[in-house]
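Notes for the one structure printed next.
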Amino acid sequence: MNIHIITTGGTIEGIDYEGEVNRTQEGQVSIIDFLDTANVSFQYTIEEAFKKDSRLVSNRDRELLVDKIRAVDSTKILITHGTFTMEDTAQYLGKLNLNRTIVLVGSFVSGSSPNTDAPFNLGYAISSVQFLKTDVYVAMNGEVFHWSNVTKNLETNKFERGNE
Numbered sequence: 001m002n003i004h005i006i007t008t009g010g011t012i013e014g015i016d017y018e019g020e021v022n023r024t025q026e027g028q029v030s031i032i033d034f035l036d037t038a039n040v041s042f043q044y045t046i047e048e049a050f051k052k053d054s055r056l057v058s059n060r061d062r063e064l065l066v067d068k069i070r071a072v073d074s075t076k077i078l079i080t081h082g083t084f085t086m087e088d089t090a091q092y093l094g095k096l097n098l099n100r101t102i103v104l105v106g107s108f109v110s111g112s113s114p115n116t117d118a119p120f121n122l123g124y125a126i127s128s129v130q131f132l133k134t135d136v137y138v139a140m141n142g143e144v145f146h147w148s149n150v151t152k153n154l155e156t157n158k159f160e161r162g163n164e
């Protein structure tokens with residue numbers, strides 16, 4: 001099984017925008033760094049879609065993600081994504097019935113910070129994508145959320161089910 005990882009930027013890649021929402025920048029951490037450190041044994045490929053603060057991710061960017069998903073043979077897709085609009089992208093993809101297992105993951109603390117939640121979230125999402133049925137999910141902080149029932153609580157800075 002090959003997991004196809006698509007990166008889009010965001011905090012998980014150590015991109016710190018500090019209020020500069022209107023620009024993109026090079027990440028300071030590569031997802032491959034986390035995978036190398038973990039000494040993983042599964043097969044994977046990594047493809048960059050873009051490097052953006054997720055507040056700047058548009059439907060045009062989401063369509064680019066769809067094109068990339070449809071272009072690969074893998075049925076297991078992991079998308080690294082900023083948390084601001086992760087639920088929007090999950091809903092966009094979920095409504096398309098892409099016939100793949102797609103898991104979106106990010107972090108609340110910069111991937112370049114020593115106390116980052118990025119490696120945990122990435123590992124959890126990788127495990128999840130291997131066992132979940134075909135659909136679209138968000139995996140954050142030890143929980144998996146279906147695309148149709150996830151929201152980011154800005155007060156707690158956590159994802160939760162929308163009906164809670």
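Numbering (full-length UniProt numbering), first residue to last: 1 to 164. Even for Gly, the Cβ is constructed at its ideal location relative to N, Cα and C. Quick caveat, the model's predicted, so the values are computed rather than measured.
Here Phe50 is not near Ile3, since their CB atoms are 8 Å or more apart. For the set Val129, Ile77, Thr11 and Ser127, the Cα lying nearest the Cα of Ile46 is the one of Ile77. In this chain, Ile31 is not harboured by any beta strand (DSSP E); it is covered by the alpha helix (DSSP H) spanning Ile31 to Ala38. Judged by DSSP in its simplified three-state form, Ala49 adopts coil rather than helix or strand.
The DSSP-derived three-state label of Leu132 is coil.
According to the DSSP assignment, Val66 belongs to the alpha helix (DSSP H) that extends over Asn59 to Ala71.
Between the segment 84-94 and the segment 114-128, the count of Cβ pairs shorter than 8 Å is below three; the stretches do not touch.
Annotation: Ser30 to Thr8 spans about 11 Å, alpha carbon to alpha carbon. Each of Ile32, Glu87, Ile69 and Ala38 was checked against the Cα of Val57, and the nearest Cα belongs to Glu87.
For Lys133, the number of other beta carbons within 10 angstroms of its own is below 16, and it is reported as exposed.
DSSP places Glu13 within a helical segment (H, G or I) once states are collapsed to three. Counting only residues of its own chain and dropping the five nearest sequence neighbours on each side, Val136 has a CB closer than 7 Å to the CB of Ala90, Leu93, Gly94, Ile102 and Trp147. In this structure, DSSP gives Glu87 a helical state, which the three-state scheme calls helix. At a Cβ-Cβ threshold of 8 Å, Thr11 and Phe108 count as neighbours.
Counting along the chain, Val150 sits inside no beta strand (DSSP E), nor does DSSP assign it H or E at all.
Within the DSSP secondary-structure output, Thr80 pairs in a beta bridge with Thr7 and Val105. Look at Phe120 here: in three-state DSSP terms it is helix.
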